[in-house]
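Everything below concerns the one structure shown next.
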Amino acid sequence: MGSAYASVSRVRACVAAAVLLSGAAVMAAAALADSRLAAISTEEPRAAPQGQLDALWPAANARGISRSAFERYTADFILDPEVVRLATSQPEHVKPPGAYVADLVTPERVEIGRALAAKHAATLAAIEQAYGVDRHVLLAIWGVESAYGTSTGSRSVVRSLATLAVADARRAPFWRNELIAALRILQDGQTAPETFVGSWAGASGHTQFIPSAYTAHAVDFDKDGRRDIWGTVADALASTANYLRTSGWSAGAPWGIEVILPSGFDYSWSAPGRPQTLSQWLAAGVRIPTSSANLQLGLPLQLVLPAGAQGPAFLVTKNFRAILRYNNATAYALAVGHLADRIAGKAALMAAWPSADKALGRGEREEMQRLLTARGHDTGGVDGIMGDQTRAAIRATQRTLKLAEDGHPSFELLQRLRADPLP
Ligand SMILES: [Ca+2]
Numbered sequence: 001m002g003s004a005y006a007s008v009s010r011v012r013a014c015v016a017a018a019v020l021l022s023g024a025a026v027m028a029a030a031a032l033a034d035s036r037l038a039a040i041s042t043e044e045p046r047a048a049p050q051g052q053l054d055a056l057w058p059a060a061n062a063r064g065i066s067r068s069a070f071e072r073y074t075a076d077f078i079l080d081p082e083v084v085r086l087a088t089s090q091p092e093h094v095k096p097p098g099a100y101v102a103d104l105v106t107p108e109r110v111e112i113g114r115a116l117a118a119k120h121a122a123t124l125a126a127i128e129q130a131y132g133v134d135r136h137v138l139l140a141i142w143g144v145e146s147a148y149g150t151s152t153g154s155r156s157v158v159r160s161l162a163t164l165a166v167a168d169a170r171r172a173p174f175w176r177n178e179l180i181a182a183l184r185i186l187q188d189g190q191t192a193p194e195t196f197v198g199s200w201a202g203a204s205g206h207t208q209f210i211p212s213a214y215t216a217h218a219v220d221f222d223k224d225g226r227r228d229i230w231g232t233v234a235d236a237l238a239s240t241a242n243y244l245r246t247s248g249w250s251a252g253a254p255w256g257i258e259v260i261l262p263s264g265f266d267y268s269w270s271a272p273g274r275p276q277t278l279s280q281w282l283a284a285g286v287r288i289p290t291s292s293a294n295l296q297l298g299l300p301l302q303l304v305l306p307a308g309a310q311g312p313a314f315l316v317t318k319n320f321r322a323i324l325r326y327n328n329a330t331a332y333a334l335a336v337g338h339l340a341d342r343i344a345g346k347a348a349l350m351a352a353w354p355s356a357d358k359a360l361g362r363g364e365r366e367e368m369q370r371l372l373t374a375r376g377h378d379t380g381g382v383d384g385i386m387g388d389q390t391r392a393a394i395r396a397t398q399r400t401l402k403l404a405e406d407g408h409p410s411f412e413l414l415q416r417l418r419a420d421p422l423p
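Mapping of the sequence shown onto my numbering: position 73 corresponds to residue 73, and the numbering continues sequentially without gaps.
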């Protein structure tokens, strides 16, 4: 395993940013990275915000935190200006899904995943038996979240969450809840302050749980009395399996499969909430690889086009949605699913990602929303977030313009709307 771990360290630097943004259940982080971000103070940290934490004491007390534990674990609290900076940074550009998946599903990460599958085979078999979750998906989440435990973050979880609870006014209730859960983890002796370190958003351990996810889903799989997601691989992977099972994972079903769509395909079938059975997709001319022929014909499958009509197409099961509960981004769930397949020995994707795909920047996304709104569509506001409402507006516009109705916010569509701002 020495060589495998050495190669992890080489990939570590280039995946660190992705890891930080992919923490388990860090929907908070995703939300913070978007434009709904509230007024976080970016002023220099004040020396003694302890008084602001004291306001949390009644709520902490109500959740079973002792006064001595509260004082011990919040003593010497100072704001972490780097956490404030990271929480308020709003990158103008994001990676298109093809680049995101390529950065995470590297040959090295596949190779190390296979080596770890062999090393932990007995543990993974026991976890699969107990939770019904495919071992390769667990390995993939481990690989994506922390480069298999080599990049779990080094910030004090309590300090990060306390900083956000104090500095992020809009989401303060969320951060306060996480902070109290974190204090409870320490009070219960599940881990020590020195090892309770993670991402700026408070995700920690091999598979990057935020404290509330830990409270709800972490398990003591090796039965040593501690739910140790920080130092015990069996506990971390079983906790992840438990999380996925609670999120609706169905044993024996895949996350999804890549498919080939026929020419002349009606791309409006990729709209959310339009699952068809495999029989229906096959009848519509959709082709699946022969290696997936063991899929049940009655299985409901949703069509997903991460890069629109020009990129790879996938039919996904409700297990894909379970992965989305971990981190609500299609590219994330796809990276996990594809890495799992590669670790399991399956082939690379058949279709190429569109080489010209360029994720719209924040200003361009807002511009697209304004142009759609001007055409009479409701995008749910101009916030730069390409959510279901905006994508529905894109589909409606594509229908009017007789374009492939894939709901994808492409640069080409933006240019078209600019050239023809009103119908
Ligand atoms: Ca344990």
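Quick reminder that beta carbons are idealized off the backbone N, C-alpha and C, glycines included.
**OP:** Could you tell me how far apart the beta carbons of Leu305 and His408 are, in whole angstroms, since I believe they sit closer than 8 Å?
**Re:** 7 Å
**OP:** Pick helix, strand or coil for Thr330, following the three-state DSSP scheme.
**Re:** helix
Original post:
Which residues mark the beginning and the end of the beta strand (DSSP E) in which Gln302 is found?
Top reply: Residues 300-304.
Original post:
Within 7 Å: the Cβ of Asp188 and any heavy atom of ligand 1?
Top reply: no
Subject >> Cutoff 6 Å; reference Gly113; Cβ partners in own chain excluding five residues on either side >> reply: Leu139, Gly143, Ile343
**OP:** From the DSSP output, in three-state form, read off Val286 for me.
**Re:** In the structure shown, Val286 sits in coil (DSSP, three-state: anything other than H, G, I, E or B).
Subject >> Coil, strand or helix - Thr163 by DSSP >> reply: helix
Original post:
Going straight from the alpha carbon of Pro289 to that of Ala356, what length do you get?
Top reply: 26 Å
Original post:
Out of curiosity, what's the CA-to-CA distance linking Thr42 and Arg85?
Top reply: Note that Thr42 has pLDDT 49, beneath the 50 cutoff, so the model's placement of it is unreliable and no number is given.
**OP:** Look at the Cβ atom of Gly202, then the Cβ atom of Val157, and state whether they are nearer than 8 Å.
**Re:** yes
Original post:
Say the cut is 7 Å; is the CB of Asp222 nearer than that to a heavy atom of ligand 1?
Top reply: yes
Original post:
Do you know how far the Cα of Leu334 is from the Cα of Asp188?
Top reply: Cα to Cα, the separation comes out at about 36 Å.
Original post:
Do the CB positions of Ala359 and Val101 come within less than 8 Å of each other?
Top reply: no
Original post:
How many angstroms separate the CA atom of Ile65 from the CA atom of Ser204?
Top reply: So the two alpha carbons sit approximately 21 Å from each other.
Subject >> Under the three-state DSSP convention, the category Ser146 falls into >> reply: helix
**OP:** Report yes if the CB atom of Arg365 is closer than 8 Å to the CB atom of Glu92, and no otherwise.
**Re:** In this structure, Glu92 does not lie closer than 8 Å to Arg365 by Cβ.
Original post:
Which residue spans inside the segment 167-237 form an unbroken alpha helix (DSSP H) run of at least 4?
Top reply: For the segment 167-237, whole alpha helix (DSSP H) runs of length 4 or above, ordered along the chain, are 172-187, 211-217.
Original post:
Does ligand 1 have a heavy atom nearer than 7 Å to the CB of Thr232?
Top reply: yes
**OP:** Leaving aside the five residues before and after Trp281 along the sequence, list all residues of the same chain whose C-beta is less than 7 Å from its C-beta, in chain order.
**Re:** These residues qualify, in order along the chain: Leu301, Leu315.
Original post:
Is the beta carbon of Gln392 less than 8 Å from the beta carbon of Ala309?
Top reply: In the sequence on display, residue 392 carries Ala and not Gln. Against a cut-off of 8 Å, the Cβ pair of Ala309 and Ala392 comes out as no contact.
Subject >> Cβ separation of Val382 and Arg395, assumed to be a contact under 8 Å, to the nearest whole Å >> reply: At roughly 18 Å, the Cβ-Cβ gap does not stay under 8 Å, so Val382 and Arg395 are not in contact.
**OP:** Taking Val84 as part of the alpha helix (DSSP H), name the residues at either end of that continuous run.
**Re:** 81-88
Original post:
Counting pairs of beta carbons, one from the segment 118-126 and one from the segment 231-242, are three or more of them closer than 8 Å?
Top reply: yes
**OP:** Classify Glu111 as helix, strand or coil using the three-state DSSP reduction.
**Re:** helix
Original post:
Is it true that the CB of Tyr326 sits closer than 8 Å to the CB of Ile141?
Top reply: With a cutoff of 8 Å on beta-carbon distance, Ile141 and Tyr326 are scored as near each other.
Original post:
When the cut-off is 8 Å and only beta carbons count, does Ile185 lie next to chain C?
Top reply: Included in the structure is just one protein chain, with no chain C present.
**OP:** Compare the C-alpha of Ala115 against each of Ala374, Ala419, Arg399, Gly345 and name the closest.
**Re:** Gly345
Original post:
Between the segment 224-234 and the segment 258-267, are three or more C-beta pairs nearer than 8 Å?
Top reply: no
Original post:
CB-CB under 8 Å to Ala215, same chain, minus the five flanking residues each way: which ones, in chain order?
Top reply: The question names Ala, yet the displayed sequence has Thr at residue 215. Cβ neighbours of Thr215 beyond the five flanking positions: Ala181, Arg184, Ile185.
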